[in-house]
Structures are given as structure tokens and as C-alpha cells.
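Numbering-wise (this note's numbering), the sequence shown opens with residue 1 and increments by one.
Every residue gets a Cβ at the ideal spot worked out from N, C-alpha and C, and that includes glycine.
Step one of this worksheet: look at the structure below.
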Amino acid sequence: FLAAFPLRVGLVVPHSLLYFVFLYIIEINIALGVFNLTPIPPLDGFRVVSAFLPPRARMAYYSLERYGILILILFLIVFKSIFFAIFIPITNFLMNLVLPGVGWG
């Protein structure tokens with residue numbers, strides 16, 4: 001969110017090269033954060049979801065952890081369109097939250 005500061009206070013000229021560089025830095029940062037919260041074993045979202053599960057379900061959920069990378073790769077290949085249908089609107093929403101009025105998404 002520090003990268004958004006120059007854009008929010010007007011330190012960067014709108015529609016300049018530097019402006020678009022900052023926009024893409026912010027978008028990539030938000031997109032990686034959203035992706036990291038996906039509840040698939042190697043990502044942090046897996047741990048977040050496990051914190052809310054009852055103990056018995058948590059044990060079953062953790063048994064998936066050893067297959068994490070395989071699950072992640074299969075998920076991204078097989079369910080790519082579903083993933084992006086959820087992922088892109090969330091990223092766009094957060095971009096508009098961080099930089100209102102930019103007209104992102």
C-alpha cells in the first residue's frame with residue numbers, strides 16, 4: 001500500500017509512464033496477496049481456513065498438505081477459469097478500494 005501513496009497524493013503525473021509503473025506494482029502486489037489467501041495447502045489461506053475448523057476436520061484437512069503442490073498445479077490447470085472468475089473481481093475490488101477514482105477493472 002506504500003506504492004499507492006504517490007498516486008493518492010498526486011506526486012505522480014496521471015497517465016505518465018511512472019504512473020502506470022506504480023499502478024502495475026500495486027496490482028501485482030494485491031493479486032499476489034489474494035492468490036496467497038487461496039485455501040490450497042502450500043499457500044497461507046490453507047492455514048487461515050484450518051484455524052476455523054473443528055479438530056477432527058483439521059486433521060483431515062492437514063492430511064492434504066503433503067500433496068499441496070500437486071493440488072495447486074491441478075487446481076490451476078483444471079479449474080483455471082473458475083479460479084480467475086473469482087480472483088479477478090476480488091483483485092479489481094481491492095484495487096478500487098486502494099485507488100478510488102482510477103477506474104480500475
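For residue i, which three-state DSSP category applies?
i	result
F99	The question names Phe, but residue 99 is Leu in the sequence shown. If DSSP states are grouped into helix, strand and coil, L99 belongs with coil.
P42	coil
F107	Coverage of the chain is limited to positions 1 through 105, which leaves residue 107 absent and any answer about it impossible.
L37	coil
L32	helix
L11	coil
Throw me the rounded Cβ distance for the residue i and residue j pair, which I believe falls under 8 Å.
i	j	result
I26	L99	7 Å
L74	Y61	With 8 Å as the limit, L74 and Y61 do not qualify as a contact, their Cβ atoms being about 17 Å apart.
F83	L76	7 Å
Determine the contact status of residue i and residue j, defining contact as a CB-CB distance below 7 Å.
i	j	result
F22	L7	yes
P39	F46	yes
L70	P41	no
Y19	V12	yes
I90	V34	yes
Among the options, which one has its Cα closest to the Cα of residue i?
i	options	result
G68	D44, P14, A3 and I28	D44
N92	I28, L72, R66 and L17	I28
For the ligand PLP, is there a heavy atom less than 6 Å away from the beta-carbon of residue i?
i	result
I73	The model depicted lacks the ligand PLP and carries no ligand whatsoever.
Task: Secondary structure, alpha helix (DSSP H): runs of 4+ residues fully inside the segment 65-95 - done: 68-78
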